[in-house]
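Let me begin by presenting the structure, written as structure tokens, before commenting on it.
In full-length UniProt numbering, the protein residues as written are 1 to 72.
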């Protein structure tokens, strides 16, 4: 599952970059055009939790009032 999440994020990043290349007109009209995004995905398989994140975001699990960082 962790490889599937990683592959999905990589494919999505590639597609976003391709779409951005096709927006030349929009980019040429806006000087300060700096697109970006963040994403967090959680997948539960049985009793295991898999998380993936991209961009400037972090995943935190809260259990019994304690915070646990799940991403670096």
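Here a beta-carbon is modelled for each residue, glycine too, at the ideal position from N, C-alpha and C. Remember, it's a predicted structure, so these values are computed and weren't measured experimentally.
Euclidean distance between Cα positions of residue i and residue j
i: residue 10; j: residue 48; result: 22 angstroms
i: residue 45; j: residue 51; result: 11 angstroms
i: residue 58; j: residue 68; result: 11 angstroms
i: residue 21; j: residue 56; result: 22 angstroms
i: residue 73; j: residue 61; result: This structure gives no information on residue 73, because the portion of the chain shown stretches from 1 to 72.
i: residue 18; j: residue 66; result: 41 angstroms
i: residue 14; j: residue 72; result: 22 angstroms
i: residue 63; j: residue 12; result: 31 angstroms
CB of residue i within 8 angstroms of CB of residue j, strictly
i: residue 1; j: residue 70; result: no
Neighbourhood of residue i by C-beta distance below 6 angstroms, restricted to the same chain and skipping five residues each side
i: residue 54; result: 9, 39
i: residue 36; result: none
Other residues of its chain near residue i: CB distance less than 7 angstroms, five sequence neighbours each side excluded
i: residue 5; result: 41, 43, 50, 52
### Message
Which runs of the beta strand (DSSP E) at least 3 residues long sit entirely within the UniProt domain "PPM-type phosphatase" (1-72)? Give them in chain order.
### Response
DSSP runs (the beta strand (DSSP E)) wholly in the UniProt domain "PPM-type phosphatase" (1-72): 39-45, 48-54, 60-63, 66-69.
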